[in-house]
Amino acid sequence: MKRRTTLLIAMLSLLPVPAFAHPHIFIDAKFEVVAAPDGSIGELRNVWSFDEVFSSSVLMDFGKGDNQTLSASELKAVGKTVRDSLAQYDYYTNVTSNGKAVPMAKPEAIQADYKNGSLTLTFSLKPEQKTFLKGTTVFGIYDKTLYTAVDFATDDDMSLSGAAGRCKRKVVRPNPKEVMAENQAALTSMFFSDPKGTDYSLLVATRLEVQC
1005 MKRRTTLLIA
1015 MLSLLPVPAF
1025 AHPHIFIDAK
1035 FEVVAAPDGS
1045 IGELRNVWSF
1055 DEVFSSSVLM
1065 DFGKGDNQTL
1075 SASELKAVGK
1085 TVRDSLAQYD
1095 YYTNVTSNGK
1105 AVPMAKPEAI
1115 QADYKNGSLT
1125 LTFSLKPEQK
1135 TFLKGTTVFG
1145 IYDKTLYTAV
1155 DFATDDDMSL
1165 SGAAGRCKRK
1175 VVRPNPKEVM
1185 AENQAALTSM
1195 FFSDPKGTDY
1205 SLLVATRLEV
1215 QC
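When the letters of the sequence shown are read in order and numbered with this note's numbering, they come out as residues 1005 to 1216.
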């Protein structure tokens, strides 16, 4: 079955990565929080477009022939592999409601597309339990191991829609240099206690804060 599993596992951060390492895979992302009519989190919509180097690797591993594209069945195989593999990383999705973590259910499916040399994945997540947009809800889409960089080009790429009422959204983009300067002692401790860089990734990740 070629190297399909190996490739996607590498993407999903199963490879050991030193703290504060440079990412190897790059995603241009769009993220939308859809509020349900009762004010709860209806779904989280994600669209991820991958860099050309990684996309070409997926084409090489999943594609058949030399047509430089992926068939419907091949795209379905990519989506299924990512859906299964990313579960242990919570689909790079980290949500807290008033400081408490909100677990997400596995998506029904991940739709894959390949156009103009770029792989795109589209999927939606829902909370395992009904969670209302009340108080402060924070949404972060990032790889805790730093192997994959998830970028939102503009603040509009992290949006809030649906029955959000009087909720206000704010996109927070921490400056890595400022984070390093302000948390130097803490980050030194993190290096020894968390060699994969999980805590550092949390500090520097772009996030959407919703106040209701």
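Think of the CB as a built atom: it goes at the ideal place given N, C-alpha and C, for glycine as much as any other residue.
Check, Outcome
"Minimum Cβ-Cβ distance from asparagine 1102 to chain B less than 7 Å", "Included in the structure is just one protein chain, with no chain B present."
"Nearest-angstrom Cα separation, counted from glutamine 1072 out to glycine 1121", "8 Å"
"Among Thr1097, Ser1061, Ala1040, nearest to leucine 1212 - alpha-carbon criterion", "Thr1097"
"Completely contained beta strand (DSSP E) runs for the region 1064–1129, where each covers 3 or more residues", "1097–1101, 1115–1119, 1122–1129"
"Three-way DSSP call (helix, strand, coil) for phenylalanine 1035 in this model", "strand"
"For serine 1059, the nearest candidate out of Val1175, Leu1137, Ala1153, Thr1124 (CA to CA)", "Thr1124"
"Close beta carbons around lysine 1080, own chain, < 8 Å, minus the five adjacent residues each side", "Ala1116"
"Three-pair Cβ contact test at 8 Å for the region 1163–1178 versus the region 1076–1096", "no"
"Presumed contact (8 Å Cβ cut-off) between phenylalanine 1035 and phenylalanine 1127, rounded CB distance", "11 Å between Cβ atoms; not a contact."
"Selected residue, minimal CA-CA separation from proline 1041, among Thr1210, Val1214, Ser1165", "Ser1165"
"Rounded straight-line distance, which links the Cα of arginine 1087 to that of lysine 1134", "22 Å"
"7 Å Cβ cutoff met for lysine 1104 and cysteine 1216", "no"
"Nearest-angstrom Cα separation, counted from aspartate 1032 out to serine 1053", "5 Å"
"Beta bridge counterpart(s) of glutamate 1132 as assigned by DSSP", "None; glutamate 1132 has no bridge partner."
"Tyrosine 1118 and leucine 1074 closer than 7 Å at C-beta", "yes"
"C-alpha gap between valine 1142 and glycine 1069, whole angstroms", "44 Å"
"Same chain, Cβ closer than 7 Å to histidine 1028, five either side skipped, listed in chain order", "Tyr1151"
"Exposed unless 16 or more other CB atoms sit within 10 angstroms - verdict on threonine 1149", "buried"
"Which of helix, strand or coil DSSP assigns to phenylalanine 1156", "coil"
"Residues near proline 1020 in its chain [Cβ-Cβ closer than 6 Å; skip 5 each side]", "With a pLDDT of 40 at proline 1020, under the threshold of 50, the predicted position of this residue should be treated as unreliable, though the coordinate-derived value follows. The answer is none, since no qualifying residue turns up."
"Contact check, valine 1154 vs proline 1131, beta carbons under 7 Å", "no"
"Valine 1175 vs methionine 1162 beta-carbon contact at 7 Å", "yes"
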